[in-house]
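Take a look at the structure set out below.
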Amino acid sequence: FPPRPLSDREVHKILTRYCETVRPQNFMEKGCAVCGRLTSIKQLSPLSSLK
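Throughout the sequence shown, residue numbering follows this note's numbering, covering 203 to 253 in sequence.
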(Lines of atoms letter the chains of each structure in order from A; the text may use other names.)
(Lines give C-alpha, C1' and ligand atoms only; values in the text may rest on other atoms or scores of the structure.)
Protein backbone atom coordinates (compact mmCIF):
# COMPACT_ATOMS: atom_id res chain seq x y z
CA PHE A 203 0.00 0.00 0.00
CA PRO A 204 -0.45 2.58 -1.54
CA PRO A 205 -1.33 1.17 -4.95
CA ARG A 206 1.01 1.91 -7.81
CA PRO A 207 0.14 4.87 -10.06
CA LEU A 208 -1.77 4.09 -13.24
CA SER A 209 0.21 3.79 -16.43
CA ASP A 210 -0.52 6.13 -19.32
CA ARG A 211 -2.13 3.21 -21.15
CA GLU A 212 -4.47 2.48 -18.22
CA VAL A 213 -5.44 6.15 -17.92
CA HIS A 214 -6.15 6.29 -21.66
CA LYS A 215 -8.30 3.15 -21.47
CA ILE A 216 -10.34 4.50 -18.53
CA LEU A 217 -10.88 7.90 -20.15
CA THR A 218 -11.83 6.38 -23.51
CA ARG A 219 -14.46 4.14 -21.90
CA TYR A 220 -15.81 7.07 -19.88
CA CYS A 221 -16.13 9.26 -22.97
CA GLU A 222 -17.96 6.49 -24.83
CA THR A 223 -20.34 6.03 -21.90
CA VAL A 224 -21.29 9.70 -21.52
CA ARG A 225 -21.85 10.45 -25.22
CA PRO A 226 -25.10 12.38 -25.75
CA GLN A 227 -26.48 9.56 -27.92
CA ASN A 228 -26.56 7.36 -24.82
CA PHE A 229 -28.92 9.76 -23.02
CA MET A 230 -30.96 11.48 -25.72
CA GLU A 231 -34.59 10.52 -26.20
CA LYS A 232 -37.13 11.22 -28.92
CA GLY A 233 -40.81 10.51 -29.23
CA CYS A 234 -41.82 7.30 -30.96
CA ALA A 235 -43.69 8.06 -34.21
CA VAL A 236 -46.16 5.25 -33.50
CA CYS A 237 -47.04 5.70 -29.82
CA GLY A 238 -45.35 9.00 -28.86
CA ARG A 239 -43.50 7.43 -25.93
CA LEU A 240 -40.07 8.88 -25.17
CA THR A 241 -37.52 6.31 -26.23
CA SER A 242 -33.74 6.24 -26.30
CA ILE A 243 -32.59 7.24 -29.79
CA LYS A 244 -30.41 4.13 -29.83
CA GLN A 245 -33.59 2.01 -29.78
CA LEU A 246 -35.51 3.94 -32.46
CA SER A 247 -35.68 2.92 -36.11
CA PRO A 248 -36.39 5.25 -39.04
CA LEU A 249 -39.99 5.03 -40.26
CA SER A 250 -38.70 4.29 -43.76
CA SER A 251 -37.23 1.02 -42.48
CA LEU A 252 -40.60 -0.22 -41.17
CA LYS A 253 -43.02 -2.20 -43.29
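From the three backbone atoms N, C-alpha and C, an ideal C-beta is built for every residue, glycine too.
Source: prediction; values computed, not measured.
Proximity below 8 Å, CB of residue i to CB of residue j
i	j	result
S242	E231	yes
Straight-line gap, residue i to residue j (C-alpha atoms, nearest Å)
i	j	result
P220	H214	The sequence given here has Tyr at residue 220, not Pro. When rounded, the distance between both Cα atoms is 10 Å.
L249	L217	35 Å
S251	C234	14 Å
Proximity winner among the options, relative to residue i (alpha-carbon distances)
i	options	result
T223	K244, A235, G238	K244
As assigned by DSSP and simplified to three states, the class of residue i
i	result
L249	helix
K244	coil
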